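Protein chains in written order, with our numbering: chain A, 4 to 454; chain B, 113 to 609. Every residue gets a Cβ at the ideal spot worked out from N, C-alpha and C, and that includes glycine. Note that the coordinates shown come from a computational prediction; the quantities given were computed from them, not determined experimentally.
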Amino acid sequence: MRYLPKSPAERDEMLATIGVRSIDDLFSSIPDRFRLREALNLPGPYSEPEIIEYFKRRAKESSVGYTSFLGAGVYNHLRSVVTDTIIQRGEFLTSYTPYQAEISQGTLQAIFEFQTLMCQLTGQEVANASMWDGSTATTEAVLMAERITRRRRVLVARSLHPEYREVLRTYAKNSGLEVEEISFGQDGSLNQKTLESKMGDDVAALVVQSPNFFGVIEHTPTLADRVHARGALLIVAVTEGVSLGVVRPPAEADVVALEGQSFGLAPSYGGPFVGVIATHEKFVRQMPGRLAGQAKDSSGRRGFVLTLAAREQHIRREKATSNICTNQALCALAATVHMTLLGKEGLREMAEQNLSKAHFALGELEKIPGVRRAFEAPFFNEFTVSLPRSVDSVNQLLLREKIVGPLALDAFYPELPNHALVCVTETTTRAQIESLSSELRMAVALASEAR
Amino acid sequence: MNHTIQNASRHVSRDEGLIFEKTSPGKRAFDLPPLDVPAVDPAKALGADYRSEGVTDFPEVSEIEVLRHFTRLSTWNYAIDIGMYPLGSCTMKYNPRVNELVARLDGIATEHPFQPQVLSQGCLKIMRLLEQCLLEITGMDALTLQPAAGAQGELTGLLLIRAYLEHNGNARKKVLIPDSAHGTNPATAVIAGYEVENIRSDSHGQIDVEKLRELVTEDVAALMVTNPSTLGIFEQRIADIAEILHDKGALLYMDGANMNALAGVTRPGDFGVDVMHLNLHKTFSTPHGGGGPGAGPVAMKKFLEPFRPIPVLIEKGTGELMLDNDRPQSIGRVKAFSGNFGVLVRALAYILAYGPGIRQATEDAVLNANYIRKHLEGVFALPYSMPSMHEVVFSDALQKAKGVNTMDIAKRLIDHGFHPYTTAFPLIVPGALMIEPTESESKEECDLFIDAMRAIAAEAATDPDLVQHAPHTTRIGRLDEVAAARKPRLRWSQTNG
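Structure (structure tokens):
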């Protein structure tokens, strides 16, 4: 087998050195009745070309050749070949968690740069080395707020990504947290009246997403004032990091839980992505996940180490801030390289292109009879429209034209029938937007006739 | 001082500052195609309140500088691609490159988790085949690919247990965890809402079965066992352990971190395990990437199936695959979207390369560990003499007399051209040296490692100072971790840079 570096003679020689007759003798501690007699029933062994062939066949049963208007937490953005070149370097790809600092400085310095970029992006003071994704980062932010405030009620915007809310519920169920939803108002942003009525001195945190699931940007300074007045924390989830190139960061939030997929990571059918938690310095000891910090060696040279490990499971065991161990380091590296490539101007330009294209798309769609903008609050690269027909029926017709239409919201929000979430990024061309617009016009009409 | 080192010599290591120290306004490394729609004024579109003028202090550098910066950083890392990386419990094996290629194919990397299922059959078939392979390897009945890593797999497993017990009327209070377990186990049990009761290993490093019999009451939900244990020893009475638990209505959870000792040789489903997780980034070769991403699929017996996290991969009558979210008894969702799909792709590519031959990988891993053990026994103290599987745990007891501890030996190993083994774990062995070579090491590489370890033992006896102050050949020496934690500096800024 090509991955195994031993000849039969070498195996025999090693067995002889050990002093056993056959390899089976080395498994003698496994009770005989549990040792497999037959070979496993697995496909293979395949040569390299056969493996590639198998996956190429699978890759054909896909959306290749379609234009997509899906976002909802997973975004198509430009990526540079430089990013992939770097993360495929064996020194990054095939190294472990940097516990041995002297021979892991590459990874450690890159994490330190990641943490810095994330602080700059979110307007926060400290950021960790990564979480599994935005959904688990949001959940961990809530658990963190519970530790800081010692309160157990959590208010969660209904406009937080539905799957993020589900993950939070899974974790909250057994930790004694009470999760209550706050509805959205007419303009798509958090309903402030509901917030006022549910707010209390027993609330640990309010969780909002901005831009929220409907694409609407929340006015986080106002929310922070409301929440802080009652001693609670404001947690802001960001699923679309590129927005921060043009939208002011939620610096007034106590914790920001960000999904970094937009920075150099492929959609990859939902993962692996990279979550991050950013917060104020005063909360750092309640933070989950790894942290890289600056240090000096005995000659005074600058280096980086994993630090504040006293929060973590391998030291604290059942008293740890989280059970996370393996995180998303290589994805964080990809995001670091990507953000460094983008730089200040590139990120601003990318963000402004998203803004312009999404507003152009809305203008085009609004020309279609019966299609209306659902929410008036400002948006970035996603917006919600209502259609005169069911989104599913329209999308069926769009699919025939090789368009993956906007996300039907009714699966997540029964109160929003016929509503669709449209996403347009810098990768969407004007021609594709115009094609969506004309096909949607026909689809609406056809679906209407079909009735 | 005679320390000829065969495996390494000095080389030039470039200095490189932080990227923020290279920035100069106006430089760019990324150009976008021109905007093909009318530009909107952000202040107008967003309102002055919401608008930002750009991220303060974000880098401004060129493409060559970015490439060089990260390339230089990369040269400061050790990696499997460079040599043996014998971190116990981490299974640092070769990461096949074809896996990287297939995970990046258009039609795999490009797919959106919310796209119509009719366009997702390729992705779903990959998930389906991986599920089938992992079920065959573990001998279990059902599986979820959702968990993002081992620790999330553990949580998923415990939530399955809780849901099942609750369904039967009583979720119970406690989870038993051996003192040799990974730190994630107790941390996970707490998140699942359980109290942790640590149980002590017997003098052979095995679970004390008679003691266990006393401890398992109607309050106990489960035992979390790592098998082989973190001592690299197979729990010989695993079936008795399962029986004791089952008799009291409790379940057996297996941490599959050490599955590299078992794949193709024995199956947890056959020896009484009810639910377990696998680490695809260990046993199934997906790259560690400096700490992730991983994936922690959970395999279970039939009776736990209804509680699986959503989404659940199912086959419709038509043969079409779909992700089903309508599962009334499910523990809920543990992660957004469809698991760490890109990691799943790589793991399947690994399994396809071996097929049933995966047994050979397991055998070679165990062969390597025992070969190293044979050569180092007597040179280093062996606290538990039970047969080793895929890893061997020594202690620094013999070197302690000269004031040399496991961390010193580990650091000196760096000078000899190797990544250190896992130090000071498992906790039940004071001064542990936990060595897991994996099947990816040739006899030659094992011999070099053995030579290095023997040389260090000799150095510890004759020149302990040399070992205590290692490493001597790295670009930086040991860093002051205590000072770093006392006044943490966790980011660069204009003022502290």
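Check, Outcome
"In chain order, each alpha helix (DSSP H) run of at least 4 residues that lies wholly inside the region 363–433 of chain A", "394–403"
"Buried or exposed (CB count within 10 angstroms, at least 16 for buried), A/Asp-228", "exposed"
"Alpha carbon of B/Ser-313 to alpha carbon of B/Asp-320, nearest angstrom", "6 Å"
"Per-residue contacts from B/Glu-309 into chain A (C-beta, under 7 Å)", "Under the 7 Å cutoff, chain A gives no residues; its nearest Cβ is about 10 Å from B/Glu-309."
"Residue ranges of each alpha helix (DSSP H) within the region 245–328 of chain B, 4 or longer", "262–279, 296–303, 321–327"
"Option in B/Thr-518, B/Thr-256, B/Gly-200 with minimal Cα separation from A/Thr-100", "B/Gly-200"
"Neighbour-count burial assignment, B/Asn-297, 16 or more Cβ in a 10 Å radius", "buried"
"DSSP-derived helix/strand/coil call for B/Arg-420", "coil"
"Candidates A/Gly-346, A/Ser-133, A/Asn-330, A/Val-427, of which the one nearest B/Ser-174 by Cα", "A/Gly-346"
"Contact set between the region 504–537 of chain B and chain A, restricted to residues whose Cβ is under 9 Å from the partner", "Ala-522, Lys-523, Ile-526, His-531, Pro-532, Thr-534, Thr-535, Phe-537"
"Contact set for A/Arg-293: own chain, Cβ-Cβ below 6 Å, skip 5 residues either direction", "Ala-132, Leu-309"
"Residue nearest to B/Gly-265 in terms of C-alpha spacing, selected from B/Gly-195, B/Thr-338, B/Tyr-162, B/Thr-300", "B/Thr-300"
"Neighbour list for A/Glu-116 in chain B, Cβ cutoff strictly below 8 Å", "Leu-130, Ile-131, Phe-132, Trp-604"
"Minimum Cβ-Cβ distance from B/Asp-218 to chain A less than 7 Å", "yes"
"B/Met-388 - containing beta strand (DSSP E), residue span", "387–390"
"Other residues of its chain near B/Thr-135: CB distance less than 7 Å, five sequence neighbours each side excluded", "Pro-171, Glu-172, Val-173"
"3-residue-minimum beta strand (DSSP E) runs that sit fully inside the region 141–211 of chain A, ordered along the chain", "156–160, 181–185"
"Limits of the unbroken beta strand (DSSP E) element including B/Tyr-533", "B/Tyr-533 -> no beta strand (DSSP E), and no H or E assigned at all."
"Beta bridge counterpart(s) of B/Leu-364 as assigned by DSSP", "B/Leu-335"
"Span separating the alpha-carbon of A/Gly-218 from that of A/Asn-384", "7 Å"
"Nearest-angstrom beta carbon gap, B/Ala-544 and B/Val-504 [assumed within contact, 8 Å]", "Rounded, the Cβ-Cβ distance is 11 Å, inconsistent with contact."
"Boundaries of the alpha helix (DSSP H) in which A/Asp-228 is found, first to last residue", "223–231"
"Interface partners of B/Lys-428 on chain A, CB under 8 Å", "Per Cβ cutoff of 8 Å: no residues; B/Lys-428 is ~15 Å from chain A at best."
"Own chain, CB closer than 7 Å to B/Thr-203, minus 5 neighbours either side, in chain order", "Asn-372, Lys-394, Thr-395, Glu-548, Thr-550"
"Reduced DSSP secondary structure (H/G/I, E/B, other) of B/Pro-214", "Residue identity differs from the one stated: residue 214 of chain B is Val in this sequence, not Pro. B/Val-214 falls in the helix class under three-state DSSP."
"Own chain residues within Cβ distance below 8 Å of A/Thr-70, not counting five before or after", "Lys-405, Ile-406, Val-407, Thr-431, Gln-435, Ser-438, Leu-439"
"Contacts of B/Tyr-162 in chain A (Cβ-Cβ under 8 Å)", "Ile-220, His-222, Val-250, Arg-251, Pro-381"
"B/Met-519 - containing beta strand (DSSP E), residue span", "From DSSP, B/Met-519 is part of no beta strand (DSSP E) but of the alpha helix (DSSP H) over 518–527."
"Euclidean distance between Cα positions of B/Tyr-162 and B/Ala-155", "8 Å"
"Alpha carbon of A/Ala-260 to alpha carbon of A/Thr-282, nearest angstrom", "9 Å"
"Coarse secondary structure for B/Gln-233, derived from DSSP in three states", "helix"
"Inter-residue CB distance, B/Val-455 and B/Ala-407 (contact presumed, cutoff 8 Å)", "4 Å"
"Residues bridged to B/Phe-492 (per DSSP)", "B/Glu-489"
"Interface positions of the region 439–466 of chain B facing chain A (Cβ-Cβ less than 8 Å), listed along the chain", "Ile-443, Gly-444, Arg-445, Val-446, Lys-447, Ala-448, Phe-449, Ser-450, Gly-451, Asn-452, Phe-453, Gly-454, Val-455, Val-457, Ala-461, Ile-463, Leu-464, Ala-465, Tyr-466"
"C-beta neighbour in chain B for A/Pro-78, strict 7 Å", "Contrary to the premise, residue 78 of chain A reads as Tyr rather than Pro in this sequence. Not one chain B Cβ lies under 7 Å of A/Tyr-78."
"In chain order, each alpha helix (DSSP H) run of at least 4 residues that lies wholly inside the region 431–469 of chain B", "453–466"
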